[in-house]
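Colleague: If you read the sequences in order, they're chains A and B. So the first sequence is numbered by the numbering used here: it starts at 553 and just counts up by one. So the second sequence is numbered by the numbering used here: it starts at 553 and just counts up by one. Each residue gets a CB set at the ideal place from its N, CA and C atoms; glycine is no exception. Bear in mind the structure is a predicted one, so any value in this text is a computation, not a measurement. First the structure, which I've put down as structure tokens, then a few questions once you've had a look.
There are 2 protein chains.
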Amino acid sequence: MLTIGKLSETTGVKVPTIRYYEQIGLLPEPERSTGNQRLYGKAVQERLSFIRHSRDLGFPLEAIRELLGLSDDPNRSCAAADEIARRQLGEVNARLSRLLALRGELERMLVQCSHGTIADCRVIEVLGNHDHCAHDHHGEPVTAL
Amino acid sequence: MLTIGKLSETTGVKVPTIRYYEQIGLLPEPERSTGNQRLYGKAVQERLSFIRHSRDLGFPLEAIRELLGLSDDPNRSCAAADEIARRQLGEVNARLSRLLALRGELERMLVQCSHGTIADCRVIEVLGNHDHCAHDHHGEPVTAL
DNA sequence: CTTGCAGCTATAGTTGCTAGAGCAATTAGG
DNA sequence: CCTAATTGCTCTAGCAACTATAGCTGCAAG
Numbered sequence: 553m554l555t556i557g558k559l560s561e562t563t564g565v566k567v568p569t570i571r572y573y574e575q576i577g578l579l580p581e582p583e584r585s586t587g588n589q590r591l592y593g594k595a596v597q598e599r600l601s602f603i604r605h606s607r608d609l610g611f612p613l614e615a616i617r618e619l620l621g622l623s624d625d626p627n628r629s630c631a632a633a634d635e636i637a638r639r640q641l642g643e644v645n646a647r648l649s650r651l652l653a654l655r656g657e658l659e660r661m662l663v664q665c666s667h668g669t670i671a672d673c674r675v676i677e678v679l680g681n682h683d684h685c686a687h688d689h690h691g692e693p694v695t696a697l
Numbered sequence: 553m554l555t556i557g558k559l560s561e562t563t564g565v566k567v568p569t570i571r572y573y574e575q576i577g578l579l580p581e582p583e584r585s586t587g588n589q590r591l592y593g594k595a596v597q598e599r600l601s602f603i604r605h606s607r608d609l610g611f612p613l614e615a616i617r618e619l620l621g622l623s624d625d626p627n628r629s630c631a632a633a634d635e636i637a638r639r640q641l642g643e644v645n646a647r648l649s650r651l652l653a654l655r656g657e658l659e660r661m662l663v664q665c666s667h668g669t670i671a672d673c674r675v676i677e678v679l680g681n682h683d684h685c686a687h688d689h690h691g692e693p694v695t696a697l
């Protein structure tokens, strides 16, 4: 049985984050010691590693909740999990293309910087005027990752 | 003089967002009509376009606040603006490499999916175990974009 | 035994908005 | 000129996914 601190160490998830996951129902309420401290077994450790890994891959907590629901019920088809991963891949690809356009824009801005005073600073000028863009691939706002 | 709705239309920034920018001090408090409605001139329109464009390029509001401070004072050196843009470019590059690693991981997961039941679903299994990763480029948490 | 870290609960803050309630003002139609 | 629809106003709360703080208790080592 691990205390929350040990669980945190072995999984790489910070202590307040573990408590947060419990609060939102991603982790079950654990046993408590006589002194009211949380005690975790191996199963929760694996569940938490699963969450951590999925988060690292960019899955939102709601997708992870779905995936956990699926894996808690092993007779269902794999297709649902596949679907979630596929959706996630689509989003990653969308973010990638946006970031690539963005990088081009930033690089163009920096190359043009004349290192003079603000009065003729290309960075400021480019930011103030959409017309300076080579393309306007940056129409949609940059929201969550 | 534009009402907030017209300003929203011409800049593509939503009405509540404009009020929010005013609230946090990115936009000055505007004149009001006799009926207490906000009235905006050309200068604010340009300032808002600047903010919008910078946000589109992924600059956080605090960086934009800095940039606006610089452009309000046109005798200062361009170097500071250059620095902010360069920092932004670095962050974009970091996000890009993370996303590329991520995409590889997701593609690998999907290719391996056997389309059977959850019991032998590769997606679930891979997510539960870091050892399945080809590389562990996804060590750092995925935070804000 | 006591000191100091680890744990506990509960609340508030973060970023960048977005949505809703419950009003006042303006504009368009008849 | 009156009414209805739209737009505007303020204020508050909510979103993700945590992080930080305050003020307390538990526990293990010296």
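#1: Are the beta-carbon atoms of A633 (chain B) and I570 (chain A) separated by less than 7 Å?
#2: Across which residues does DSSP place E583 (chain A) in a beta bridge pair?
#3: From R604 (chain B) to G656 (chain A), what distance separates their C-alpha atoms?
#4: Quick check on E677 (chain A) - is its C-beta less than 7 Å from some C-beta in chain B?
#5: By the 7 Å beta-carbon criterion, what residues does the stretch 632-650 of chain B contribute toward chain A?
#6: Please check if any C-beta of chain A sits within less than 7 Å of the C-beta of L658 (chain B).
#7: What is the DSSP secondary structure of P693 (chain B), reduced to helix, strand or coil?
#8: At the 7 Å Cβ level, is H689 (chain A) part of the contact set with chain B, yes or no?
#9: Answer yes or no: does any C-beta atom of chain A fall closer than 7 Å to that of M661 (chain B)?
#10: For R628 (chain B), report the span of its alpha helix (DSSP H) as first-last.
#11: Which chain B residues sit within Cβ distance under 7 Å of L654 (chain A)?
#12: Using 10 angstroms around the beta-carbon of E692 (chain B), count the other beta-carbons present and answer buried if the total reaches 16, otherwise exposed.
#13: Return helix, strand or coil for L609 (chain B), following the three-state DSSP convention.
#14: Any C-beta of chain A sitting closer than 7 Å to the C-beta of S623 (chain B)?
#15: Under the three-state reduction of DSSP, which class applies to L554 (chain A): helix, strand or coil?
#16: Given that a residue counts as buried once 16 or more other Cβ atoms are within 10 Å of its Cβ, and exposed if not, what is Q589 (chain B)?
Modeller: Working from what's here:
#1: It is not a contact, given that the beta carbons lie outside the stated cut-off.
#2: For E583 (chain A), which the question treats as bridged, DSSP gives the partners A:L591.
#3: Each residue's alpha carbon lies about 18 Å from the other.
#4: No, because no Cβ of chain B sits closer than 7 Å to the Cβ of E677 (chain A).
#5: Taken in chain order, the members of the stretch 632-650 of chain B whose beta-carbon sits within less than 7 Å of a beta-carbon on chain A are A633, D634, A637, R638, Q640, L641, V644, N645, R647, L648.
#6: For L658 (chain B), the answer is yes, since a Cβ of chain A falls inside 7 Å of its Cβ.
#7: Since pLDDT at P693 (chain B) reaches only 39, below the 50 mark, its modelled position is unreliable, and the value read off the structure follows with that caveat. Under the three-state reduction of DSSP, P693 (chain B) is assigned to coil, being neither helix nor strand.
#8: Interpretation of H689 (chain A) is limited by its pLDDT of 44, a score under 50 that renders its predicted location unreliable; the figure taken from the coordinates is listed afterwards. No, no contact with chain B.
#9: Cβ-Cβ to chain A under 7 Å: yes for M661 (chain B).
#10: Following the DSSP letters along the chain, one finds R628 (chain B) in no alpha helix (DSSP H), marked with neither H nor E.
#11: Those are L609, G610, V644, listed as they occur along chain B.
#12: Residue confidence for E692 (chain B) is low, a pLDDT of 40 falling below 50, so the modelled location carries little weight; the figure read from the coordinates is stated next. Classification for E692 (chain B): exposed.
#13: Note: L609 (chain B) maps to coil in three-state DSSP.
#14: The beta carbon of S623 (chain B) falls within 7 Å of a beta carbon belonging to chain A, placing the residue at that interface.
#15: Looking at L554 (chain A) - three-state DSSP - the assignment turns out to be strand.
#16: Result: exposed.
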